[in-house]
Amino acid sequence: MDLQKRSNATAPMSAEPTELRASDADRDRITDILRDALAEGRLTAEEHSERVEGVLATKTVGELDQFVRDLPAAHGPRATPAYTIAPNRPTAGAIPLEADHHVVAVFSAAVRKGRWRAGRRIHAYSVFGSIEIDLTEAIFEYQQVVIKAVSVFGNVEIRVPENVSLRGGGAGVLGNFEVDTLDSGDPDAPVIYVDGLAVLGNVEAKPKRGKLIADILERVTDRVSDKLDKSLRKHLDR
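Sequential numbering of the sequence shown, starting at 1, is according to our numbering.
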């Protein structure tokens, strides 16, 4: 059965804004409020230290609010959220049925990482094997990328930059299929959809801490500039 034809009814519901994983920008916003509160004398040095430690250990946006709930700055006009809600499924017709990349590991290991061009569709099949797909340094030529990961008695690990959006719609059969929902603050940032199946195996997709990429517009601009530079140099060398 083609997993891509599965009904949209099985797609995960969007997380509530307060349940989304906190980014470094979210934590910085809260620590700035705590720093100002310390300077104004609203918090003692000990209280400030305890709260900052709690902020750094917090995982979700909603949990961050508890550290500034009793401070006036937290009740002023709210800034634009550091995330943008991405759709749960890719745009109809935007992703081809044929894969741009195949990563296969049968009783072996396969790794795709470093500076490589990520296509619109990537297929990963692990049978008693291990696969690592690292997109933290990849060049995204398209805004939407689908990764179909199938693991049978194997392991597939997918790592993405912190400033992309990440969605998952797979299933585990006596196995683990885990995708950390992630929302970017840039509406033009890539959206990565992970789908597939884990049978007595593991499929895991998560952001890699501290890894960021430039937005699509900047990357496209850089590629165009590079082509123009090469054409100009070739013309001057004649």
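Quick reminder that beta carbons are idealized off the backbone N, C-alpha and C, glycines included.
Bear in mind that the values here come from a model prediction, so they are computed numbers and not experimental data.
- Residue 109 holds the alpha-carbon nearest to the alpha-carbon of residue 157 among 109, 61, 65.
- Inter-residue distance for residue 64 and residue 31 is about 10 Å (C-alpha atoms, whole angstroms).
- When beta bridges are read from the DSSP output, residue 158 appears opposite 133, 205.
- Beta bridge pairing from DSSP links residue 60 with 21.
- Collapsing the DSSP output to three states places residue 54 in a helix.
- One alpha carbon belongs to residue 100, the other to residue 141, and they sit about 12 Å apart.
- Around the beta-carbon of residue 144, 16 or more other beta-carbon atoms lie within 10 Å, marking it buried.
- Leaving aside the five residues that flank residue 200 on each side, the residues in its chain whose CB is nearer than 8 Å to its CB run, in chain order, 152, 153, 173, 174, 175.
- Take the alpha-carbon of residue 106 and the one of residue 127: they are about 5 Å apart.
- Per DSSP, residue 67 has no beta-bridge partner at all.
- Spatial neighbours of residue 52 in its own chain (CB-CB distance under 7 Å, excluding positions within 5 residues in sequence) are listed in chain order as 31, 34.
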